[in-house]
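Those sequence lines, one after another, are chains D and A.
If you read the first sequence in my numbering, its first letter stands for residue 1, the second for the next number, and so on.
If you read the second sequence in my numbering, its first letter stands for residue 1001, the second for the next number, and so on.
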Amino acid sequence: MRNAERVVGLMALVSLIFFISGCAKHGVQQVEGPTPPSQEEVITGTPDMELDMPGSEGDVSAAPQAMEEELAKFEQDRIYFEFDKFNLTADARKVLAEKASFLNAHPNLNVRIEGHCDERGTREYNLALGERRAKSAQDYLIFLGINPDRVSIISYGEEKPLELGSGEDAWKLNRRAEFRILGN
Amino acid sequence: MKKILSLMIVLAVVFPSVLGAQRVHIDIEARGFKRMKVAMPAFAGPKELADSVWSQCAKDLEITGAFSLLDPKGYINPGPISFIEPGTLKDWALIGADYAVAARVERQGAQVNLAVQAVEVSTARAVLNTVYTTKADSVHRGVHAFMDALMQKALGLEPIFSSKIVAVQKVGKKKQLYTMWCDGTGGAAIKGGGDLVLNPAWSFDGKKIAFVSYWKNNPDLYILDVRTYKVELFSSHKGINVTPCFDPTGTRIAYTLSKDGDPEIYIAPLGGGTAPERLTRSWATDISPSISPDGRKLAFCSSRAGTPQIYVMDLVTKKVERLTFQGSYNSEPVFSPKGDMIAFIHLAEDRRFHIALIKTDGTRMKVLPGTGRGDESPTFSPDGRLVAFSSSDGNIYVTDFMGTSVVRVTDTGGFTEPCWSPLME
Chain D
1 MRNAERVVGL MALVSLIFFI SGCAKHGVQQ VEGPTPPSQE EVITGTPDME
51 LDMPGSEGDV SAAPQAMEEE LAKFEQDRIY FEFDKFNLTA DARKVLAEKA
101 SFLNAHPNLN VRIEGHCDER GTREYNLALG ERRAKSAQDY LIFLGINPDR
151 VSIISYGEEK PLELGSGEDA WKLNRRAEFR ILGN
Chain A
1001 MKKILSLMIV LAVVFPSVLG AQRVHIDIEA RGFKRMKVAM PAFAGPKELA
1051 DSVWSQCAKD LEITGAFSLL DPKGYINPGP ISFIEPGTLK DWALIGADYA
1101 VAARVERQGA QVNLAVQAVE VSTARAVLNT VYTTKADSVH RGVHAFMDAL
1151 MQKALGLEPI FSSKIVAVQK VGKKKQLYTM WCDGTGGAAI KGGGDLVLNP
1201 AWSFDGKKIA FVSYWKNNPD LYILDVRTYK VELFSSHKGI NVTPCFDPTG
1251 TRIAYTLSKD GDPEIYIAPL GGGTAPERLT RSWATDISPS ISPDGRKLAF
1301 CSSRAGTPQI YVMDLVTKKV ERLTFQGSYN SEPVFSPKGD MIAFIHLAED
1351 RRFHIALIKT DGTRMKVLPG TGRGDESPTF SPDGRLVAFS SSDGNIYVTD
1401 FMGTSVVRVT DTGGFTEPCW SPLME
């Protein structure tokens, strides 16, 4: 009887440990890289992939993965600005041209451009500056032939720095526009 | 000539005491203005309570910008004492005190009594002899009443301590509204405005706070009723809806929209119904409006000359004049409650952002030392003698116009964008 109790107790302990470690792992995964909801929408919104049967030529998992990588690259490639400026540099125009060709290839995707500033200057003025940076990028995408309805903008001013800390190393990374894919 | 001069000096020295110092005019901009020195020995009463009330009084004395506390280390009798004996006045005079303050703090059931005595040392006049009774959890309100009475009775100054500061508080990655009394006591977070709120602005009756929230994934303007905590969406045009400022007459609100392509300043009636009237027309950024107390002028920041500078628009004729010419970055103008001055942010020669003041005619620009670590978001006290601001350390400070008294109001950090309310009832 005692032994039976012990066994049950042990099993409970083991399962508790599994449960905890499972939780912990789950927690870590979330921290490392939550999938933005917009991306999930895009991927689950292509039902053809899921119904592909064995024996067909294409690799079932390869296509969504490639798409995921492309999307990740699209969102990670940012453009940067000079202090208190919102005009596009040559580098920024090059990045925007890539964005335009991606958007042309995926007409079902929309993009939201976020304008950001470094911590210098006043918060209020930076809300306007962030807006103008996003607008510059938006205008250029439209100039490159993207339908204006597909490109929205939002300014975060200096509220969402990419790099914390003061100094030009952090500031130059924070004066940026970011690109978020929105599902159609 | 010499005789006249010496007579004037005698008059100046004699007259305040002859008049009983009932209403001494203090020109806070005068170069010769010196803060009144106060000796305040430890308060009598239960030690922990008495010491904490003393500390708040010491902080509030400094905040007034009119008094400065003499270091207790130099006192002949450091206390605790509850009464300034007339025979000891010479001791306080000896260390240079203009006023001596003594107090007793005691608990009485759920209440606390703060019995204060303030004496003008040179005349032995009892400026104040009052008992302030408060609930045990709001002793700070007793201190506020004491400080306002001391300023009024000793120097004829208007009260300030029944006013609040609203600010943005950063908690983790979120930002929320936070209100406190102007000395940092009675702080309370206002939660539930979404992940990011900005630009809080108090209405001139203290009943509403306009602010920006990204609640609907766009910087939109909301108005909060301070008593009911009910929030109404005020403006949600495409683009930014930011930097609200109430018209002191209480009927209109000025703010910045980018719906027409670039940030421009608009004004609209508070009740809504009519489309906002566009006030500025330039290719550049126009932002941060502030309406003068008489409702006739609008100060704002514009980059139309290449760098951010302060401009003033006549709201009747719509004529615009540039106010600042010094420096390459001047932003966030705010009218003083008396309308004679504008405070703003100035990138100074030390390459730091400082609070600066300028007369509304564009003369007498003055850069305040502040913390020297980068100051932002100036806001005037209700009587217009002081400016609160946030610094790069995330705390809120109050300074006088001389810049000799810079008092930290908050302790925890994480605060930005303070806005000082009018006096509350």
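Using N, Cα and C, we set each Cβ at its ideal position, and we do this for glycine too.
Those runs of the beta strand (DSSP E) which lie wholly inside the segment 123-178 of chain D and span at least 3 residues
151-157
For A:Phe1067, decide whether its Cβ has a neighbour in chain D, counting only Cβ atoms nearer than 9 Å.
Here residue 1067 of chain A corresponds to residue number 67 of the second sequence, with the count starting at 1. Output row for A:Phe1067: interface = no.
Leaving out five residues on either side along the sequence, give the residues of the same chain with a beta carbon under 6 Å from the beta carbon of D:Glu98.
Looking up residue 98 of chain D in the first sequence gives position 98. Excluding residues within five positions, none has a Cβ falling inside 6 Å.
Quick check on the burial criterion: 16 or more other C-beta atoms within 10 angstroms. Buried or exposed for A:Pro1086?
Here residue 1086 of chain A is taken as the residue at index 86 of the second sequence, counted from 1. The residue in question, A:Pro1086, is exposed, as its Cβ has fewer than 16 Cβ neighbours within 10 Å.
Check distances from the C-beta atoms of the segment 151-183 of chain D to those of chain A and list, in chain order, the residues that come in under 7 Å.
Ile154, Ser155, Glu159
Within 8 Å, do at least three Cβ pairs link the segment 1357-1377 of chain A to the segment 136-143 of chain D?
Touching, no.
Does DSSP put D:Cys117 in a helix, a strand or coil?
As a first step, residue 117 of chain D must be located in the first sequence, where it is residue number 117. DSSP places D:Cys117 in coil when its eight states are reduced to three.
By Cβ distance below 6 Å, which residues in the same chain neighbour D:Arg176 in space, the five residues on each side in sequence not counted?
Here residue 176 of chain D corresponds to residue number 176 of the first sequence, with the count starting at 1. Hits under 6 Å: Arg78, Tyr80, His116.
Alpha carbon of A:Gln1152 to alpha carbon of A:His1354, nearest angstrom
Locating residue 1152 of chain A in the second sequence gives position 152, counting from the first residue. Locating residue 1354 of chain A in the second sequence gives position 354, counting from the first residue. Distance between the alpha carbons of A:Gln1152 and A:His1354: 30 Å.
Inter-residue spacing [alpha-carbon to alpha-carbon] between A:Pro1041 and A:Val1112
Position 41 of the second sequence, counted from the first residue, corresponds to residue 1041 of chain A. Position 112 of the second sequence, counted from the first residue, corresponds to residue 1112 of chain A. Going by the C-alpha atoms only, they are around 20 Å apart.
Say whether chain A places a C-beta atom closer than 9 Å to the C-beta of D:Glu32.
For the purposes of this step, residue 32 of chain D is taken as the residue at position 32 of the first sequence. With a pLDDT of only 37 at D:Glu32, under 50, the local geometry of the prediction cannot be trusted, and the value read off the model is given with reservation. For D:Glu32, no Cβ of chain A is located within less than 9 Å of the residue's own Cβ.
Residue interval of the alpha helix (DSSP H) (run including D:Asn104)
Locating residue 104 of chain D in the first sequence gives position 104, where the first residue counts as 1. D:Asn104 -> alpha helix (DSSP H) spans 90-105.
For A:Val1242, which of A:Phe1204, A:Arg1281, A:Arg1278, A:Ile1287 has the nearest alpha-carbon?
As a working note, residue 1242 of chain A is residue 242 in the second sequence. That would be A:Ile1287, whose Cα lies nearest to the Cα of A:Val1242.
Near A:Asp1205, which residues of its chain fall below 8 Å by C-beta distance, leaving aside the five closest residues on each side in sequence?
Translated into the one-based positions of the second sequence, residue 1205 of chain A becomes position 205. Here the set comprises Gly1250, Pro1422.
Judging by CA-CA distance, which residue of A:His1140, A:Glu1332, A:Pro1337 is the nearest neighbour of A:Ser1303?
Indexing the second sequence from 1 puts residue 1303 of chain A at position 303. Of the listed residues, the one whose Cα sits closest to A:Ser1303 is A:Glu1332.
Spatially closest choice to D:Glu114 from D:Lys172, D:Glu158, D:Glu69, by CA coordinates:
Working through the first sequence from its first residue, we reach residue 114 of chain D at position 114. Answer by Cα proximity: D:Glu158.
Going by other Cβ atoms of all chains shown within 10 Å of its Cβ, with 16 needed for buried, is A:Tyr1229 buried or exposed?
In the second sequence, counting from the first residue as 1, residue 1229 of chain A sits at position 229. Exposed, because fewer than 16 other Cβ atoms sit within 10 Å of the Cβ of A:Tyr1229.
Grouping DSSP H, G and I as helix and E and B as strand, with all else coil, what is A:Arg1364?
As a position in the second sequence, residue 1364 of chain A is number 364, starting the count at 1. A:Arg1364 falls in the coil class under three-state DSSP.
Using a beta-carbon distance below 9 Å, is A:Pro1418 in contact with chain D?
Here residue 1418 of chain A refers to the residue found at position 418 when the second sequence is read from its first residue. Not closer than 9 Å to any Cβ of chain D, the Cβ of A:Pro1418 fails to qualify, so no.
From the DSSP output, which residues share a beta bridge with A:Tyr1397?
By 1-based counting over the second sequence, the position of residue 1397 of chain A is 397. Paired residues: A:Phe1389, A:Arg1408.
What is the DSSP secondary structure of A:Ala1154, counted as helix, strand or coil?
Your numbering for residue 1154 of chain A matches position 154 in the second sequence. Three-state DSSP puts A:Ala1154 in a helix.
Nearest neighbour of A:Ala1254, chosen from A:Gly1271, A:Pro1289, A:Asn1129, A:Glu1106 [CA to CA]
Reading the second sequence from its first residue, position 254 is the one you call residue 1254 of chain A. Measuring C-alpha to C-alpha distances from A:Ala1254 to each of A:Gly1271, A:Pro1289, A:Asn1129, A:Glu1106 identifies A:Pro1289 as the nearest.
CA-to-CA distance, A:Ala1356 to A:Cys1057, given in whole angstroms:
As a first step, residue 1057 of chain A is located in the second sequence; it is residue number 57 there, counting from the start. As a first step, residue 1356 of chain A is located in the second sequence; it is residue number 356 there, counting from the start. Distance from the CA of A:Cys1057 to the CA of A:Ala1356, rounded to the nearest whole angstrom, comes to 28 Å.
Suppose you measure from the CA of D:Asp84 to the CA of A:Ser1391; what does that come to, to the nearest Å?
Walking along the first sequence from the start, residue 84 of chain D turns up at place 84. Walking along the second sequence from the start, residue 1391 of chain A turns up at place 391. Each residue's alpha carbon lies about 21 Å from the other.
Locate the alpha helix (DSSP H) running through A:Asp1091, then write down its first and last residues.
Translated into positions along the second sequence, residue 1091 of chain A becomes position 91. Segment 1089-1094, the alpha helix (DSSP H) holding A:Asp1091.
Sequence-distant residues of the same chain with beta carbon closer than 7 Å to D:Glu163, five excluded per side:
Numbered from its first residue, the first sequence carries residue 163 of chain D at position 163. Contacts found: Ala170, Leu173, Asn174.
Exposed unless 16 or more other CB atoms sit within 10 angstroms - verdict on D:Asn126
Position 126 of the first sequence holds residue 126 of chain D. By the 10 Å Cβ count, D:Asn126 comes out buried.
I'd like to know whether the C-beta of A:Pro1276 is nearer than 9 Å to at least one C-beta of chain D.
Numbered from 1 along the second sequence, position 276 holds the residue referred to as residue 1276 of chain A. It does not; no Cβ of chain D falls within 9 Å.
Close beta carbons around D:Phe74, own chain, < 7 Å, minus the five adjacent residues each side
The sequence position of residue 74 of chain D within the first sequence is 74, counting from 1. So the list reads Lys99, Phe102, Phe179, Ile181, once near-sequence residues are dropped.
Please state whether DSSP places D:Ile79 in a helix, a strand or coil.
Along the first sequence, read from residue 1 onward, the residue named residue 79 of chain D stands at position 79. In this structure, D:Ile79 counts as strand in the three-state DSSP scheme.
How about the segment 1191-1208 of chain A and the segment 86-93 of chain D: do they share at least three Cβ pairs that are nearer than 8 Å?
no
Taking A:Thr1285 as the reference, which of A:Trp1420, A:Glu1277, A:Ser1258, A:Val1101 has the closest Cα?
Numbered from its first residue, the second sequence carries residue 1285 of chain A at position 285. Of the candidates A:Trp1420, A:Glu1277, A:Ser1258, A:Val1101, the one whose C-alpha sits nearest the C-alpha of A:Thr1285 is A:Ser1258.
A:Lys1170 versus D:Glu119: straight-line alpha-carbon distance, rounded
Translated into positions along the second sequence, residue 1170 of chain A becomes position 170. Translated into positions along the first sequence, residue 119 of chain D becomes position 119. Approximately 15 Å, taken between the alpha carbons.
Counting contacts by CB-CB distance shorter than 9 Å, is D:Ala24 in contact with chain A?
Position 24 of the first sequence holds residue 24 of chain D. Model confidence at D:Ala24 stands at a pLDDT of 39, short of 50, so the residue's coordinates are unreliable and nothing is read from them.
Using a threshold of 9 Å, state whether the C-beta atoms of A:Ser1377 and A:Thr1416 are closer than that.
As a working note, residue 1377 of chain A is residue 377 in the second sequence. As a working note, residue 1416 of chain A is residue 416 in the second sequence. Contact flag set, yes.
Ordered along the chain, which non-local residues of its own chain (more than five positions away) have a Cβ less than 7 Å from that of D:Arg150?
Within the first sequence, numbered from 1, the residue matching residue 150 of chain D stands at position 150. Taken in chain order, the residues that qualify are Leu103, Asn110, Val111.
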